[in-house]
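Participant:
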Amino acid sequence: MKDLISAVTSAFKDHGAGESIMPPKSYVTLPGGDFRTMPSYIPSLNTAGVKIVNVHPENRTIGLPTVMALMILLDPPTGKPLAVMNATSLTDLRTGASAAVATSVLTRKKTGTLGIIGSGRQAESGLLAVSQVYEPEEVLVWSRNTHHADKFAERHSDISIRSTDIKTAAGADVLLTVTPSKTPLIHDEWIADGAHINAMGADAPGKQELDPDILKRAEVFVDDVNQAVHSGEINVPIRDGKYYPEEISGTLGEILNGVVHRSSPDGITIFDSTGIAITDLAAAHLALGKGTTIPLPFLHEQNSRFS
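Under our numbering, the sequence shown is numbered contiguously, ending at residue 313.
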């Protein structure tokens with residue numbers, strides 16, 4: 007995870023400096039959900055590729071993951087396919103790593119309580135990643151399904167953790183929200199001054215986890231402005247005229263590059279994460295370098311056919 011956080015940090019820095027290419031995420035609506043295509047190119051890593059990822063909320067009722075992903079890596083000078091990989095776990099891990107990067111630069115202190123809203127795979131990766139940069143004195147987890155929250159706490163019984171009500175969890179010093187909610191779950195009055203929120207769940211139009219009044223109180227930093235306006239935590243408030251793109255304080259890449267800064271240690275900060283393609287690409291590039299590869303026979307067949 008430390009290696010992944012480092013790779014994702016570099017990807018955000020490249021993005022903040024305009025040194026990567028990342029067309030907008032494209033959505034295709036399907037009967038049970040949607041799928042997205044996410045192409046990108048990172049010159050500093052000499053890597054390019056595209057992720058295809060679906061989001062089908064009801065898959066859990068038939069024993070399938072709600073999110074599944076496939077990554078294709080390409081050789082930039084030739085366009086030759088280098089690898090095809092299962093990116094489902096990589097998506098979870100890079101989401102957690104993104105939250106860790108934001109937490110490392112936006113929290114006012116390095117230890118305190120950590121609240122987690124949601125108890126799925128991204129809650130797991132978020133806890134793993136954020137714990138690398140922030141020392142939780144206690145972890146407070148809430149889920150719509152109390153049994154799931156209890157099980158989450160049991161899986162991490164080696165740390166100080168407990169399942170609790172949503173108000174208590176939301177009052178933590180650092181908050182991680184990882185639900186697919188389309189109605190606000192977190193009330194403004196629950197959030198204390200100085201808190202940092204990683205709003206990770208809203209990644210498509212219509213999704214929303216936070217009371218819009220929290221956005222008005224906070225400094226909001228996004229992963230990518232265009233994606234956030236279209237499908238991030240701010241997308242519904244913008245649609246409803248309760249928030250405006252001009253109010254965004256900057257991007258995470260700009261924070262990392264020192265272009266923008268949080269203005270007050272006592273203010274609330276929000277990282278509005280939609281999930282950007284270059285972080286997937288950086289994660290896949292790292293995995294390719296550290297993992298075990300299986301040769302793709304069709305590449306050799308194609309090469310011999312055209313030689």
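Cβ atoms here follow ideal geometry from the backbone N, Cα and C, with glycine treated the same way.
Could you tell me which whole beta strand (DSSP E) segments of length 3 or greater appear in the region 178–257?
Facilitator: If we require 3 residues or more, the beta strand (DSSP E) runs fully inside the region 178–257 come out as 180–183, 202–205, 225–228.
Participant: Can you tell which of A210, K115, Y249 has the C-alpha that lies nearest to the C-alpha of E225?
Facilitator: Minimum Cα distance to E225 is reached at Y249.
Participant: Specify the secondary structure class of E260 as computed by DSSP and reduced to three states.
Facilitator: DSSP places E260 in helix when its eight states are reduced to three.
Participant: Just checking my contact of H202 with T275 at CB under 8 Å: how many whole Å lie between their CB atoms?
Facilitator: About 5 Å separates the two Cβ atoms, so the contact holds.
Participant: For A234, I'd like the list of residues in its chain whose CB is within less than 6 Å of its CB, leaving aside the five on either flank, ordered along the chain.
Facilitator: Around A234: V228, I240, D278, T280.
Participant: Which residues in the same chain have their Cβ closer than 7 Å to the Cβ of G39, if we skip the five residues on either side of it in sequence?
Facilitator: Once the five neighbours on either side are set aside, the close Cβ partners of G39 are N60, V61, H62, P63.
Participant: Buried or exposed: where does E143 fall if 16 or more other Cβ atoms within 10 Å of its Cβ makes it buried?
Facilitator: It is exposed - the Cβ of E143 has fewer than 16 other Cβ atoms within 10 Å.
Participant: Starting from R127, follow the alpha helix (DSSP H) in both directions and report where the run begins and ends.
Facilitator: 127–136 is the span of the alpha helix (DSSP H), which, as asked, contains R127.
Participant: Tell me, which residues are paired with G297 by DSSP?
Facilitator: Answer by DSSP bridge pairing: none, since G297 is not bridged.
Participant: Counting only the same chain and skipping the five closest in sequence on each side, list residues whose C-beta sits under 8 Å from that of A105.
Facilitator: Here the set comprises G132, A135, V136, L182, N204, M206, F277, S279.
Participant: For the structure I just gave you, are there three or more beta carbon pairs, one from the region 82–90 and one from the region 47–56, closer than 8 Å?
Facilitator: At 8 Å Cβ cutoff, the stretches touch.
Participant: From the DSSP output, which residues share a beta bridge with D40?
Facilitator: Note: D40 sits in a beta bridge opposite T35, V61.
Participant: Compute the distance between the beta-carbons of P271 and R114, then report whether it is under 9 Å.
Facilitator: Taking 9 Å as the Cβ cut-off, P271 and R114 qualify as a contacting pair.
Participant: Roughly how many angstroms separate the alpha carbons of T101 and N92, rounded to a whole number?
Facilitator: The straight-line gap from Cα to Cα measures roughly 16 Å.
Participant: Hey, quick one: how far does the alpha helix (DSSP H) through A17 stretch, first residue to last?
Facilitator: Run containing A17: 8–22, per the alpha helix (DSSP H) assignment.
Participant: Strictly by DSSP, which residues pair up with F277?
Facilitator: Answer is N204, F227, bridged to F277.
Participant: From this set, T170, I220, G259, which residue's C-alpha is nearest N151's C-alpha?
Facilitator: The residue with the shortest Cα to Cα distance from N151 is T170.
Participant: Quick check on this structure: which residue in R245, V266, T189 has the alpha carbon closest to the alpha carbon of L216?
Facilitator: Of the candidates R245, V266, T189, the one whose C-alpha sits nearest the C-alpha of L216 is T189.
Participant: At the level of alpha carbons, what is the spacing between R223 and K86?
Facilitator: Rounded to whole angstroms, R223 to K86 spans 48 Å at the Cα level.
Participant: Measuring straight from C-alpha to C-alpha, what distance separates K57 and I282?
Facilitator: Cα to Cα, K57 sits roughly 10 Å from I282.
Participant: If I follow the unbroken beta strand (DSSP E) through L120, where does it start and stop?
Facilitator: From DSSP, the beta strand (DSSP E) with L120 extends over 117–123.
Participant: Could you have a look at T53 and say whether DSSP puts it in helix, strand or coil?
Facilitator: In this structure, T53 counts as strand in the three-state DSSP scheme.
Participant: Rank A289, M44, L294, L36 by C-alpha distance to the C-alpha of L99 and give the top, closest one.
Facilitator: When each option's Cα is compared against that of L99, the closest is A289.
Participant: Here's a check: name, in chain order, each residue in its chain whose Cβ is nearer than 8 Å to the Cβ of A23, leaving out the five neighbours to either side.
Facilitator: So the qualifying residues of the chain are G259, N263.
Participant: Where does L76 fall in DSSP's three states?
Facilitator: The answer is strand: DSSP assigns L76 an E or B state.
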